[in-house]
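Engineer: Submitted below is the structure of interest, expressed as structure tokens.
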Amino acid sequence: MNERVAEKALKAAEQAGADEVEVVMESSHDMEIVLKRGEIHSEKDCRTAALGIRTVVSNKHSFTSCNLPYPSIDSLAKHGVFLAKKNVQDPYWHHLPMKNTPVEVKDIYDPSLAHLTPDQLFAYAHILLSTVQSVEYVEVKEGHIHIADETFFLINNHAVSGQFKTTTCEVDLLCTANRSGHAECMAYDYFCSKTADFNLEPFAHAVAQSARNGLDAKKLPHGLRDSLLLMPDPVSQVLFTPLAWAVNAESFLWKTSPFSESMGDQVMSSLVSVVDDGTLPGGYGSRPMDGEGNNTACTPLIQEGVCTGLLHSEYTSNIAGCVSTGNAIRTATSDVTVGPTNFMVQPGDASLEELLAELGTGIMVERFSGSVDVTTGLFSGVCRQAHYIKNGEICYPVKEPTLSGNAFHGVRSIQLLGDSAVPEYQGIVTPACLVDGITLSP
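Just so we're aligned, residue 5 is where the sequence shown starts under the numbering used here, counting upward by one.
Here it is, written out as structure tokens:
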């Protein structure tokens, strides 16, 4: 990555009349294999690079971007100044970050993953396919193996600058079990690692075995009480994805969060404590600095059910009169917004056996597929990989009942938390939980 291109863009914008300038450069090498119907379907290997410029003139700002190489960086920078001058003044604007001290974050870049060869990627694909095929009646319906090697560089005219690299391996796998000539049941799982220290065989076998177990699914029994045991995937999707939006300072300050008048109040079960930790070693969203150059941090958001903090960018923190929490999210081709890094629900003390015993008789849900409205908290969808529990024992799989409710009511009704938190999609880390007040229908 040629950092002089960013410096050139910054100087050109200043010379054109910008009061403040921020330039971001990002490069990525992505390899991916797509699996479909039990075989390798397609593969890609692509390299991209982009540059973005945020320009401020008299509290009016603009954002311009381009793919690299670009014929005239100077003209792009000048165009950003032109657009800012034409824009309306932002009464809430204060300034770009004035200083930064990027923190050290471990295990977010692995040279072995960055230099992975296509042959090694194909070997991973064959491990998934062969492992699934070893389970009777089961095949891969669809899957993806994605390797990314990314570099991020930022500079602004207040002498804030920084650079970091990350590597990521993401794998998702959907398996179907077929004993009657057509797919009878499915199972899905997702895996993510920032390093090459992983083994895909047990992952693939667990997904395949879950699909195989679903062949004996029965209808949902009648007369069950409304307590459910939700495993980490549905917990993250239906309960804590809306919560991550509710403690976002943008929604909080603009009064669209249900917690906008609840800072310092009890907003959920006292069992629940949540932090957002951008410094977590090996975390999905871990990085030494955010999309504006502010250092990332571990930010308490919910403490024993009480709303105690928010996710902030430089912009929202200046409005609120506090410091940024390092939660400015962006790419080189998109302007800044606020979002979580590693949104972590602190685990409780209950083992899976203790959660099952406390449930007694009811339903355990491993996967959820449906819609979640983060603004209202309303969700509705299908329970995948659900099981009927009787007297604390797993009896048999249940044929895809529907699940519906409201996340902001559900988090108030959490009765027990599991003792281990599991990373799920997009950096939400949650334990299993026993929860009341969610509707389950055949």
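C-beta atoms are modelled at their ideal positions from N, C-alpha and C, and glycine is treated no differently.
Note that the coordinates shown come from a computational prediction; the quantities given were computed from them, not determined experimentally.
1. From ASN298 to SER31, what does the alpha carbon distance come to, in whole angstroms?
2. Take every Cβ of the segment 142-154, pair it with every Cβ of the segment 177-195, and state whether three or more of those distances are shorter than 8 Å.
3. Evaluate the contact criterion for the segment 342-355 versus the segment 383-394: three or more CB pairs, one atom per stretch, below 8 Å.
4. Indicate whether LEU305 and GLY295 have their beta-carbon atoms separated by less than 8 Å.
5. Can you tell me where the alpha helix (DSSP H) with PRO206 in it begins and where it stops?
6. For CYS302, which residues in the same chain have their Cβ closer than 7 Å to its Cβ, ignoring the five residues on either side in sequence?
7. Relative to the ligand COA, is the shortest distance from any of its heavy atoms to the C-beta of LEU247 smaller than 7 Å?
8. If you drop the 5 nearest sequence neighbours on each side, which residues of the same chain put their C-beta closer than 6 Å to that of PRO101?
9. Which same chain residues, not among the five before or five after ASN252, have their C-beta less than 6 Å away from its C-beta?
10. As an exercise, report each continuous beta strand (DSSP E) stretch of at least 3 residues that is fully enclosed by the segment 165-200, in chain order.
11. Grab the span of the alpha helix (DSSP H) containing PHE412 for me, first residue to last.
12. Thinking C-beta only, is PHE168 closer than 8 Å to PRO292?
13. The beta strand (DSSP E) spanning LEU133 covers which residue range?
14. Tell me, to the nearest whole angstrom, how far the beta carbon of LEU407 is from that of GLY441; I am working on the premise that it is less than 8 Å.
15. Could you tell me whether the segment 394-403 touches the segment 207-223, using the rule of 3 or more Cβ pairs below 8 Å?
16. Return the Cβ separation of SER66 and THR337 in integer angstroms, given the expectation that the two are a contact with Cβ distance under 8 Å.
17. Would the segment 407-419 and the segment 201-215 be scored as touching if the rule is three or more Cβ pairs under 8 Å?
18. How about PRO206 and ARG371: do their beta carbons lie closer than 8 Å?
19. Relative to the alpha-carbon of THR260, which residue among PRO115, THR105, VAL60 and GLY381 has its alpha-carbon at the smallest distance?
20. Check whether the segment 103-122 and the segment 52-62 are in contact - that is, three or more C-beta pairs closer than 8 Å.
21. Quick check: the Cα distance between PRO86 and ASN6, rounded to an integer number of angstroms?
22. What is the C-beta distance between LYS15 and ILE77, in whole angstroms, given that I count them as a contact (C-beta under 8 Å)?
23. From this set, LYS64, ILE57 and LEU275, which residue's C-alpha is nearest LEU80's C-alpha?
24. Report the three-state DSSP secondary structure of ALA253 (helix, strand or coil).
25. For the beta strand (DSSP E) holding SER79, just list the boundary residues, first then last.
26. For GLN19, count neighbouring C-beta atoms within 10 Å of its own C-beta (all shown protein chains included) and say buried if the count is 16 or more, exposed if not.
27. State yes or no: is the C-beta of LEU421 within less than 8 Å of the C-beta of LEU243?
28. Check whether the Cβ atoms of ILE432 and THR135 lie closer than 8 Å to each other.
29. Could you have a look at ILE323 and say whether DSSP puts it in helix, strand or coil?
30. Leaving out the 5 sequence neighbours to the left and right, which residues in its chain are closer than 7 Å to GLU308 when beta-carbon positions are compared?
31. Using beta-carbon positions only, say whether PHE263 and ALA250 come within less than 8 Å of one another.
Structural biologist: Quick look at the numbers:
1. 20 Å
2. yes
3. no
4. no
5. 204-217
6. VAL279, ASP281 and THR283
7. Here there are no bound small molecules, and the ligand COA is not part of this structure.
8. VAL164, GLU296, GLY297, ASN298 and GLU318
9. LEU315 and VAL342
10. 165-182 and 187-197
11. 411-414
12. yes
13. Careful: LEU133 lies outside any beta strand (DSSP E), inside the alpha helix (DSSP H) at 122-137.
14. Their Cβ separation, rounded to whole angstroms, is 12 Å, which puts LEU407 and GLY441 out of contact at 8 Å.
15. yes
16. In fact, because the Cβ distance is near 14 Å, the residues do not count as touching under 8 Å.
17. no
18. no
19. GLY381
20. no
21. Position check: residue 86 holds Phe in this sequence, whereas Pro was assumed. PHE86 and ASN6: Cα-Cα distance of roughly 26 Å.
22. That belief does not hold up - the Cβ atoms of LYS15 and ILE77 are roughly 10 Å apart, past 8 Å.
23. ILE57
24. helix
25. Element bounds for SER79: not the beta strand (DSSP E) but the alpha helix (DSSP H), 77-90.
26. exposed
27. no
28. no
29. helix
30. SER274 and SER277
31. yes
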